[in-house]
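First comes the structure, then the notes that go with it.
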Amino acid sequence: MVALDAFKSVANVMRSTPRAGDNTAPPIPAALNQQQPSLDSPCQCEQRPTSEELFQLFIDEGHNVLQWSSEPISPDEAAIWRSNPTLWAGIEALMSTFYDCCQVSSLSRVGNAITSTSRYIDLRPSVGDPETCQRMMVVLTQVSLRAGYAWTHLLNQMLLYAEDSLLKVQKLPHNEQTAQTPLLEVIGGLDMNIWVLCRRSPPLHIWARYCSGRQGVEEITGLPRPLLDLIAQVSLQQDVIAELEHYIDDLPISPTEHHERIWKCYTLAALHDQYRHFAPQRDAQPLLDRLATILSELHQTLHKSNLRALIWPAYVLGRYSSRPGISCLVSEVLRKASTPDQLRRVLYYGLTPYDLIQTVWKLQATETEEDIDTILSQQFVDYGLW
1 MVALDAFKSV ANVMRSTPRA GDNTAPPIPA ALNQQQPSLD SPCQCEQRPT SEELFQLFID
61 EGHNVLQWSS EPISPDEAAI WRSNPTLWAG IEALMSTFYD CCQVSSLSRV GNAITSTSRY
121 IDLRPSVGDP ETCQRMMVVL TQVSLRAGYA WTHLLNQMLL YAEDSLLKVQ KLPHNEQTAQ
181 TPLLEVIGGL DMNIWVLCRR SPPLHIWARY CSGRQGVEEI TGLPRPLLDL IAQVSLQQDV
241 IAELEHYIDD LPISPTEHHE RIWKCYTLAA LHDQYRHFAP QRDAQPLLDR LATILSELHQ
301 TLHKSNLRAL IWPAYVLGRY SSRPGISCLV SEVLRKASTP DQLRRVLYYG LTPYDLIQTV
361 WKLQATETEE DIDTILSQQF VDYGLW
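Numbering (UniProt numbering), first residue to last: 1 to 386.
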């Protein structure tokens with residue numbers, strides 16, 4: 001069983017991590033330093049949503065926040081989240097980053113989630129429920145990402161939660177292992193270095209180490225596991241150009257299947273990264289042209305709840321294509337993905353994918369690619385492109 005001491009300092013860890021836009025690591029704002037969850041409203045907004053209202057939004061729309069799917073959360077799944085006050089606090093904080101009345105209110109809920117998670121772990125006589133702890137920390141990574149705080153350091157702790165089951169899983173027949181490793185696949189996707197910018201903690205390469213060699217579609221990313229195997233090798237900076245080219249040639253051509261076109265977008269984006277690192281003499285613009293064609297179709301036909309699946313491919317296209325008109329396409333895709341509900345304003349201004357690409361374009365006018373990465377690391381923290 002995992003040692004409890006490994007998880008006793010979640011709140012302290014969060015308070016010591018940098019936030020987007022900070023060059024150092026100052027304490028989390030006062031709203032996050034509360035020792036007791038606040039029962040009173042921290043703001044004066046008349047339309048502050050209640051905890052129950054935010055939880056209901058999670059039931060209705062939260063599946064689009066935690067995964068790229070239009071499938072609603074099942075009643076059984078909702079009952080799990082509702083039954084645990086700490087899980088509820090995390091969900092409330094997560095949904096507040098999208099739907100709260102103001103940033104002050106959202107930050108207070110974020111603070112409550114951090115405190116509640118820390119207390120849950122501290123007060124456990126033993127880590128006897130690793131699945132619940134894992135759920136809490138997955139939510140905490142997403143809350144931190146959207147509020148602009150570092151979160152990749154939590155992946156190592158989450159991996160420790162999974163270690164207890166690793167030996168059991170590895171003893172199973174290979175064809176039975178996929179069903180036993182949902183936790184590893186979740187954190188393996190979060191850890192994928194290729195789509196985490198301005199990273200503060202080194203990648204663990206969890207997918208390559210523990211999840212490779214399986215078939216089917218991974219539930220959270222919605223991507224085929226063989227494609228994720230290749231993307232994991234890209235994250236390891238291994239040359240898999242031939243494998244990616246073979247993979248994309250074998251993908252079926254179906255103009256009506258959105259998921260297949262999304263898979264092609266991810267393959268093209270990964271292949272472009274490979275060209276940059278291993279074949280800079282090859283012309284990568286045709287890859288970007290194909291990517292632009294697919295994205296221009298998808299963003300008009302894909303349901304708004306699934307638009308976040310386009311963030312990483314759109315970022316790759318926007319950063320590296322020099323074709324006229326690409327900036328308009330990428331801006332539209334990322335704007336819609338950043339604010340799927342156009343009636344609501346963005347609470348964490350400057351931290352959306354749309355804001356990120358606008359910053360990149362401004363820097364490209366005056367800076368080298370290497371300098372752009374350095375400057376971005378001063379403005380953004382552990383930025384997951386999803």
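C-beta: ideal position from N, C-alpha, C; glycine also.
Predicted model only: the values in this text are computed from it and were never measured.
- An exposed status is given to R282, since fewer than 16 other beta-carbon atoms sit within 10 Å of its beta-carbon.
- 7 Å or more divides the Cβ of L183 from the Cβ of D191.
- Excluding the 5 residues flanking it on each side, L334 has same chain C-beta neighbours closer than 7 Å at I311, A314, P353, Y354 and I357, in chain order.
- Bounds of the alpha helix (DSSP H) holding D76 are P75 to S83.
- Between the alpha carbons of Q274 and T50 lies a gap of roughly 47 Å.
- The beta carbons of N193 and S235 sit closer together than 7 Å.
- Rounded to the nearest angstrom, the gap between the Cα atoms of R48 and M95 is 13 Å.
- Going by DSSP, A242 is part of the alpha helix (DSSP H) stretching over I241 to D250.
- Judged by their CB atoms, T97 and S105 are not nearer to each other than the 7 Å cut-off.
- Between the segment 85-95 and the segment 128-137 there are three or more inter-stretch CB-CB distances shorter than 8 Å, so the stretches are counted as touching.
- Three or more beta-carbon pairs separated by less than 8 Å are not found between the segment 362-379 and the segment 110-124, which leaves the two stretches without contact.
- Each of P224, C45, L197 and L57 was checked against the Cα of W207, and the nearest Cα belongs to P224.
- Closest by C-alpha distance to S377, out of S201, Q44 and M158, is S201.
- Taking C-alpha positions only, Y349 is separated from A365 by approximately 23 Å.
- Between C198 and Y320 the beta-carbon gap is near 17 Å, outside 8 Å, which marks them as no contact.
- Under the 10 Å beta carbon count, S116 is surrounded by 16 or more other beta carbons and is classified as buried.
- Spanning the alpha carbons of G148 and E245 requires a straight line of approximately 36 Å.
- For L236, no alpha helix (DSSP H) segment is defined, and its DSSP state is neither H nor E.
- D100 sits buried, since 16 or more C-beta atoms from the chains shown fall within 10 Å of its C-beta.
- R323 counts as exposed, since fewer than 16 other C-beta atoms from the protein chains shown sit within 10 angstroms of its C-beta.
- At a Cβ-Cβ threshold of 7 Å, P252 and E260 count as neighbours.
- For A309 against I262, the beta-carbon gap comes to about 5 Å, under 8 Å, which counts as contact.
- Excluding its 5 nearest sequence neighbours in each direction, V196 has C-beta neighbours in its own chain below 6 Å: G384, listed in chain order.
- Excluding sequence positions up to five before and after S212, its CB lies within less than 6 Å of the CB of D229, all in the same chain and listed in chain order.
- Positions of the beta strand (DSSP E) runs, each at least 3 residues long and wholly inside the segment 95-163, cannot be given because no such run exists.
- CA-CA distance, Q44 to L347, rounds to 16 Å.
- Distances from the CA of Y247 to each of E257, S254 and P226 were compared; the closest alpha carbon is that of P226.
- Taking all protein chains shown into account, K264 has 16 or more neighbouring C-beta atoms within 10 Å of its C-beta and is therefore buried.
- For the pair S296 and L329, the CB atoms are nearer than the 7 Å cut-off.
- Under DSSP, P224 shares a beta bridge with V217.
- Membership of H205 in any alpha helix (DSSP H) is not indicated, and neither H nor E is assigned to it by DSSP.
- If you draw a straight line from the Cα of A292 to the Cα of I326, it comes to about 8 Å.
- Using a Cβ distance threshold of 7 Å, M158 and I187 count as a contacting pair.
- Looking at the DSSP output, L197 bridges to Y383.
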